[in-house]
Amino acid sequence: MRGLWIFAIAVFAAMVAVTTWASLEANVLVGFQRLLADRWGVATLFDAYLGFLWFWLWIAYKEASLGWSLLWLLLLFALGNLAMAAYVMIQLARLKPGAGFEALLLRKP
């Protein structure tokens, strides 16, 4: 699971870095307006948010609480891959030593 930890941390760090870099040029709302003005920007947003929904289906399956599941949906829509990386890191931290990949993916009985 060490490789997954490294990947999740790298994704989180990369997203913080690129978000900070982009924020130095323009406010997020200005960037969003520019994105919506371009059809490829809209297509990219659709692609990203449909991907977030796919990831959320796994979260909804894993989480016992509807409230937590819906909170993660909001976090995914607001923070995107930052939230995805955070969720994976939380799940990895909860694993028992020596647990396999299936323990990460499957719901606890």
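With positions in the sequence shown counted from 1, the corresponding number in the numbering used here is that position plus 20. Here a beta-carbon is modelled for each residue, glycine too, at the ideal position from N, C-alpha and C.
Would you decide whether Phe2 is buried or exposed? Buried here means 16 or more other CB atoms lie within 10 Å of its CB.
-> Nothing can be reported for residue 2: it is not among the residues displayed for the chain, which extend from 21 to 129.
Coil, strand or helix - Asn47 by DSSP = coil
Would you call Ala28 buried or exposed, if buried means 16 or more other Cβ atoms sit within 10 Å of its Cβ?
-> buried
7 Å Cβ cutoff met for Met35 and Leu102 = yes
Ala80 beta carbon less than 7 Å from that of Ser89 = yes
Mind checking whether the beta-carbon of Asn47 lies closer than 6 Å to any heavy atom of the ligand MG?
-> This structure lacks the ligand MG; in fact it carries no ligand of any kind.
Nearest-angstrom Cα distance between Leu126 and Glu45?
-> 41 Å
Cβ of Gly61 within 7 Å of Cβ of Leu70?
-> no
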